[in-house]
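Residue numbers (our numbering): 3 to 215. The structure appears right after this line, and notes come after that.
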Ligand SMILES: Cc1cc2nc3c(=O)[nH]c(=O)nc-3n(C[C@H](O)[C@H](O)[C@H](O)COP(=O)(O)O)c2cc1C
């Protein structure tokens with residue numbers, strides 16, 4: 003009986019030790035993830051920001067929408083990374099039928115116009131990583147985004163481009179960001195069909211996971 007009890011107590015001690023070891027291991031993993039995240043933040047030295055333009059109203063494939071496709075992706079990014087947001091809102095009113103907007107945008111692009119936008123970013127220095135996103139309009143970002151690129155020097159940042167589109171993917175958006183910011187660290191871009199954004203948050207989550215967020 004005495005022998006049995008001592009075997010049982012040895013077993014209990016063993017179970018306790020291995021259980022606390024595995025708890026310690028999962029805490030260790032959590033800590034490691036947090037540390038990796040912090041390290042990345044420390045290395046970059048700042049916070050994250052999503053800069054985007056998005057057009058609500060009548061659009062191709064999705065009809066008359068209250069919230070633009072790119073804004074939905076921008077909101078997913080902020081939800082899953084905690085990034086702040088700056089929405090580029092054009093002074094000019096784009097509230098018009100899709101077929102008219104197509105023509106207006108074509109002219110803006112052909113003329114290299116730089117339409118004004120509202121508001122400004124108070125302290126751009128606090129951000130080290132900037133997601134930049136917009137719809138593809140005639141093969142690149144809408145012209146008003148180029149006004150933003152002219153106003154803000156992001157050459158010392160990590161830039162993560164994204165687009166929503168209806169077939170052109172990233173088009174020349176990544177190249178155009180690289181041209182605007184030749185010294186920035188520009189990561190591979192992420193493109194998503196505009197008609198997909200409302201039903202496919204997972205695609206954004208998986209992309210962000212791949213980036214380590
Ligand atoms: C003026 C205009 C031009 C467009 N040009 C393109 C294009 O060149 N390639 C493409 O794939 N989609 C094009 N689209 C479709 C948009 O990129 C797509 O619907 C996008 O998801 C819209 O995003 P938003 O709702 O955030 O503005 C265009 C849409 C508009 C209104």
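Beta carbons are placed, not taken as given, at the ideal position from N, Cα and C, and that holds for glycine. For clarity, every value in this text was computed on a predicted model and none was experimentally measured.
Within the 7 Å Cβ cut-off, does residue i reach chain D?
i	result
residue 115	Of the protein chains in the structure, only one exists, and it is not chain D.
Name the one or two DSSP bridge partners that residue i has.
i	result
residue 1	Within the shown structure, residues of the chain are numbered from 3 to 215, placing residue 1 beyond reach of any answer.
residue 164	135 and 192
residue 142	139
residue 187	160
residue 49	129
Am I right that residue i and residue j are in contact with their C-beta atoms under 8 Å? What's the rounded C-beta distance?
i	j	result
residue 186	residue 161	5 Å
residue 90	residue 54	7 Å
residue 83	residue 183	Between residue 183 and residue 83 the Cβ distance is about 21 Å, and since that is not below 8 Å, they are no contact.
residue 146	residue 175	About 14 Å separates the two Cβ atoms, so there is no contact after all.
residue 132	residue 116	That belief does not hold up - the Cβ atoms of residue 132 and residue 116 are roughly 20 Å apart, past 8 Å.
residue 136	residue 97	With 8 Å as the limit, residue 136 and residue 97 do not qualify as a contact, their Cβ atoms being about 17 Å apart.
residue 123	residue 154	7 Å
residue 179	residue 134	6 Å
residue 140	residue 118	No, residue 140 and residue 118 are not in contact; Cβ-Cβ is about 20 Å, not under 8 Å.
residue 129	residue 189	Not really, about 15 Å apart at Cβ, beyond 8 Å.
residue 210	residue 79	7 Å
residue 49	residue 77	About 17 Å separates the two Cβ atoms, so there is no contact after all.
residue 93	residue 68	Their Cβ separation, rounded to whole angstroms, is 21 Å, which puts residue 93 and residue 68 out of contact at 8 Å.
I want to check one thing, is the minimum distance from the CB of residue i to the heavy atoms of ligand 2 below 6 Å?
i	result
residue 172	In terms of ligand content, the structure shown lacks ligand 2 and carries ligand 1 instead.
Subject >> Segments assigned alpha helix (DSSP H), at least 4 residues, entirely inside the region 51-135 >> reply: 71-83 and 100-112
Original post:
Is the number of C-beta pairs between the region 154-169 and the region 67-76 that are closer than 8 Å three or more?
Top reply: Yes: the two stretches touch, three or more of their Cβ pairs being nearer than 8 Å.
Original post:
Are the region 195-206 and the region 56-64 touching, with three or more C-beta to C-beta distances below 8 Å?
Top reply: yes
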